[in-house]
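Worksheet: the structure to be examined is printed underneath.
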Amino acid sequence: MSRLLVNTTPRETIIAVTQGNDLTDLVIQPTDGEALLHRIYKGVVKNVVAALDAAFVDIGTGENGYLPLLGGKSRDLEGHKISVGARVLVQVTKEARGTKGPMLTTKPSLAGRYAVLLTKGRYVGVSKQIQEAAERERLRGLVGAQLGSGDEACGFILRTAAQGVDAAELTHDLAFLRRTWESIRRRAKIASAPACLYREADIVLRAARDYVTPSTEQIITNDRAAYERLVDLVSEQPQVEVSYVAANDLLVQHGIQDAIAPLLERRVEVAGGAYIVIDPTEALTAIDVNSGTFRSGHGRDDLALRVNLAAAQEVARQIRLRNIGGMIIVDFIDMQRKEDRELVLTALRAAVKEDRVRTTVVEMTVLGLVEMTRHKTGPTLQESRYMRCPECAGTGYVMTAAAIVEQITEELRQKAERGLADRVLVQVHPAVADYLREENLAAQWQTRFHKEFIIATHQRPSRTQYQLAAAPQED
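In full-length UniProt numbering, the protein residues as written are 1 to 475.
Okay, structure coming up:
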């Protein structure tokens, strides 16, 4: 049974899709942090950097967007000259992340229920998930009348949801997308840059558009307004039962919270005792496959193949549920046989086909490394749930107490050259204070600097912070 859950709280809305007892899709949108992805702006070019083949565009969000240009020509991907001060119509294709601003394109697209409108060219495409030749031809024929010509020409890609949809309903969706694009173009002519011209539908509409399929049997929400909209949005799909449940623990009742918790862990168990380790970095996400206690199979080659086949399924599931985007490197267990490497690649490619976000799997090296790319569609689950650690700045490492004491000792040496007070108060983090006492370092300082040292603790969270001050003389 396929079920869609829409859980709304004052802080966020969570969309969860389950198949039986398994969580298959997860979307989290904070109430106070709308995504920029897919928004269309009229922007102002602030800088053109030929060495990067890129322009930086002010879109009014406080952080300039990055617009790739044709190599060495200072032209956009359509060949138009780009110069500082130019007004450009751009769409956000990747959210800002870390120190990088949002990625932009001059080829906007608009997603509908059954199709994606392409604003450049008269291209017609059909989802690869629609395999029946007759249905593909039927859909192509229905699109033809909506392509337009000249400046109004556009293209369409038919989504999987278009399969079996009658002509009137599909045409209505295509016409709506065309009207939306025409409205954006009209606004672009009169708007003062920078200006937002278009933003995607809210999360409830997107949930109905993207996740309700012919196999969906039930939608449950704890939000009355969302319930009323969902009833209307899926009215043409009689197999879907929409329910409103006034509950604050909707996700708990259906086991979603328990399913989310492991998605925030670095280590993920795989059936049979194997496990994978997921490490995000600024440039890419690294996933390491380990055999663990997995012992099924005959010989090392068979063991490696079985572990890697199981891991391939879990890797695809984890990157989808965690919403990991960008470059992904998977380090599978080394396999000596070429046919085994092909089997694992085939399994991984089949698994990522379940992902509605565009994902590409490249070839495997002889060392078992596989490069993947997945389109970025917003913050990862980790980014939406955690903040960067202020103590370690996200590195996962902090200075040892010994290293901090070395810093203090060096500062004491420098101060001693200029003259230290007879009594010195050393305020440090409790963990550093413990180390000082265990190593009897105050006595060592006293011997070295011929001063009295009083160790005290501060309540600041950072273990690297310390303060040296003159202590009052005792009566």
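By construction, the Cβ of each residue, glycine as well, lies at the ideal position given by its N, Cα and C atoms.
Note that the coordinates shown come from a computational prediction; the quantities given were computed from them, not determined experimentally.
Checklist entry - Are three or more beta carbon pairs between the stretch 406-414 and the stretch 355-370 nearer than 8 Å? => result With the rule of 3 Cβ pairs closer than 8 Å, the stretch 406-414 does not count as touching the stretch 355-370.
Checklist entry - Which word fits ASN248, buried or exposed, when buried means at least 16 other C-beta atoms lie within 10 angstroms of its C-beta? => result Exposed is the call here.
Item to check | Beta bridge counterpart(s) of PRO280 as assigned by DSSP | outcome: Within the DSSP secondary-structure output, PRO280 pairs in a beta bridge with THR285.
Checklist entry - Closer than 6 Å: is that where the CB of ALA471 sits relative to any heavy atom of the ligand HEM? => result Among the components modelled here there is no ligand, and therefore nothing to report on the ligand HEM.
Checklist entry - Over what stretch of residues does the beta strand (DSSP E) that includes PRO68 continue unbroken? => result That run of the beta strand (DSSP E) goes 65-68.
Checklist entry - Can you list, in chain order, the residues of its chain whose CB lies under 6 Å from that of THR18, leaving out five sequence neighbours each side? => result So the list reads ARG3, once near-sequence residues are dropped.
Next on the checklist: Tell me the residue span of the alpha helix (DSSP H) that contains LEU410.
Outcome noted: According to the sequence shown, residue 410 is Glu rather than Leu. Its alpha helix (DSSP H) spans residues 401-418.
Checklist entry - Rounded to a whole number of angstroms, what is the C-alpha to C-alpha distance between ASN64 and LYS100? => result Rounded to whole angstroms, ASN64 to LYS100 spans 9 Å at the Cα level.
Checklist entry - For GLU56, which beta-bridge partners are listed by DSSP? => result Residue identity differs from the one stated: residue 56 is Phe in this sequence, not Glu. For PHE56, the beta-bridge partners assigned by DSSP are ASN47, TYR66.
Checklist entry - In three-state DSSP terms, what is GLU438? => result Correct three-state label for GLU438: helix.
Next on the checklist: Strictly by DSSP, which residues pair up with GLY125?
Outcome noted: Its beta-bridge partners are ILE157.
Item to check | Contact check, MET1 vs GLU217, beta carbons under 7 Å | outcome: A Cβ-Cβ contact shorter than 7 Å links MET1 with GLU217.
Next on the checklist: Let me check understanding here. Comparing Cα to Cα, which of THR380, SER109, VAL289 lies closest to TYR123?
Outcome noted: Of the candidates THR380, SER109, VAL289, SER109 places its Cα closest to the Cα of TYR123.
Item to check | Segment contact, 8 Å Cβ cut-off, at least three pairs: the stretch 228-239 with the stretch 177-188 | outcome: The stretch 228-239, when compared against the stretch 177-188, does not touch it at the 8 Å Cβ threshold.
Checklist entry - Three-state secondary structure (DSSP) at LYS42? => result Judged by DSSP in its simplified three-state form, LYS42 adopts strand.
Item to check | Cβ neighbour criterion (16 or more within 10 Å) applied to ASN323 | outcome: Here ASN323 is buried, its C-beta having at least 16 other C-beta atoms within 10 Å.
Checklist entry - Taking the alpha carbon of ILE130 as the point to measure from, which residue in GLY121, ARG159, ARG267 has its own alpha carbon closest? => result Between ILE130 and the set GLY121, ARG159, ARG267, the nearest pair of CA atoms involves ARG159.
Next on the checklist: According to DSSP, simplified to helix, strand and coil, what is THR171?
Outcome noted: Residue state, collapsed to three classes: helix.
Item to check | Reference THR221, options VAL6, THR464, GLN446, THR24, closest by Cα | outcome: Closest option to THR221, Cα to Cα, is VAL6.
Item to check | Distance between THR377 and GLN313 (C-alpha atoms, nearest Å) | outcome: Near 21 Å, if we compare the C-alpha coordinates of THR377 and GLN313.
Next on the checklist: According to DSSP, THR359 sits in a beta bridge with which residue or residues?
Outcome noted: According to DSSP, THR359 bridges with ARG374.
Item to check | Paired residues, beta bridge with GLN91 - DSSP | outcome: For GLN91, the beta-bridge partners assigned by DSSP are ILE40, THR105.
Next on the checklist: Between ARG463, ALA193, ALA134, which has its C-alpha nearest ALA401's C-alpha?
Outcome noted: Checked all of ARG463, ALA193, ALA134; the closest Cα to ALA401 is ARG463.
Item to check | Contacting residues, own chain, Cβ-Cβ under 6 Å from ALA421 (five flanking each side not counted) | outcome: If you ignore the 5 residues before and after ALA421, its C-beta comes within less than 6 Å of the C-beta of ALA470, all in its own chain and listed in chain order.
Item to check | Ranges of the alpha helix (DSSP H) found wholly within the stretch 164-248, counting only runs of at least 4 | outcome: The stretch 164-248 contains these whole alpha helix (DSSP H) runs: 167-190, 203-211, 224-233.
Next on the checklist: If distances are taken between C-alpha atoms only, which option among LEU139, ALA191, GLY150, LEU381 comes closest to GLN257?
Outcome noted: For GLN257, the nearest C-alpha among the options comes from LEU381.
Checklist entry - Cα separation between GLU339 and ARG317? => result One C-alpha to the other measures close to 24 Å.
Item to check | Distance between TYR66 and ARG448 (C-alpha atoms, nearest Å) | outcome: A direct Cα-to-Cα measurement between ARG448 and TYR66 gives close to 56 Å.
Item to check | Close Cβ partners of ALA442 (< 7 Å) along its chain, the five nearest in sequence each way excluded | outcome: When the five nearest sequence neighbours on each side are left out, the beta carbons in the same chain lying within less than 7 Å of the beta carbon of ALA442 are those of LEU436, PHE453, ILE455, in order along the chain.
Checklist entry - From VAL277, PHE56, THR373, ARG11, pick the residue whose C-alpha is nearest to that of residue 478; which is it? => result Residue 478 is absent from the structure shown; the chain starts at 1 and stops at 475.
Next on the checklist: Please state whether the Cβ-Cβ distance between GLY292 and GLY273 is less than 7 Å.
Outcome noted: Going by beta carbons, GLY292 and GLY273 fall inside the 7 Å limit.
Checklist entry - Of the residues ALA351, LEU468, ILE404, THR285, which one's Cα is nearest the Cα of THR24? => result Comparing alpha carbon positions, the residue from ALA351, LEU468, ILE404, THR285 closest to THR24 is ALA351.
Next on the checklist: Ignoring anything shorter than 4 residues, give me the alpha helix (DSSP H) runs that lie fully in the stretch 296-357, in order along the chain.
Outcome noted: Note on the stretch 296-357: whole alpha helix (DSSP H) runs with a minimum of 4 residues are 299-321, 338-352, in chain order.
Next on the checklist: Below 8 Å on the Cβ atoms is my contact criterion, and I expect GLN473 with ARG423 to pass it. Report the Cβ-Cβ distance as a whole number of Å.
Outcome noted: Right, the Cβ-Cβ distance comes to about 6 Å (below 8 Å), so this counts as a contact.
Item to check | Start-to-end residues for the beta strand (DSSP E) that takes in ILE251 | outcome: According to the sequence provided, residue 251 is Leu. The question's Ile does not apply to it. No beta strand (DSSP E) contains LEU251, which is instead part of the alpha helix (DSSP H) from 250-253.
Next on the checklist: Taking only three categories from DSSP, how would you classify PRO30?
Outcome noted: Reduced to three states, the DSSP call for PRO30 is strand.
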